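Undergrad: Here it is, the structure, as structure tokens.
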Amino acid sequence: AYCGGPYPERVKEVEFNFSSGTASFSYVPELPITSSEIMEFYSMWESNFLSYIGMDCFDEIEVTVD
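The sequence shown begins at 1 in full-length UniProt numbering and counts up by one.
The structure is reproduced here in structure tokens:
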């Protein structure tokens, strides 16, 4: 997503941090990955992501470790 005034910047809307066991969403406090809501959301997110890969929707995928 883009956030900001006349010069918007890209921001993360969803982040899964497996090291700390949390998930965060824009404008929502961090939640534990083990909560039922996060587990349900992650399952749907992963399924959609893999479907997009299968359709060659991404030119490049980059994984970063902060």
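Note that the Cβ used here is the ideal one computed from N, Cα and C, for glycine as well. Bear in mind the structure is a predicted one, so any value in this text is a computation, not a measurement.
(1) Taking 8 Å as the threshold, find out whether the segment 12-29 comes into contact with the segment 38-55 through three or more Cβ pairs.
(2) Check each candidate in 4, 27, 7 and name the one with the smallest Cα separation from residue 13.
(3) Would you kindly check if the distance between the Cβ of residue 16 and the Cβ of residue 33 is under 8 Å?
(4) Looking at the structure shown, is residue 36 part of a helix, part of a strand, or coil, going by DSSP?
(5) Ordered along the chain, which non-local residues of its own chain (more than five positions away) have a Cβ less than 7 Å from that of residue 3?
TA: With the structure as the only source:
(1) yes
(2) 27
(3) yes
(4) helix
(5) The beta carbon of residue 3 sits closer than 7 Å to the beta carbons of 9, 11 from its chain, once the five residues preceding and following it are set aside; these are given in chain order.
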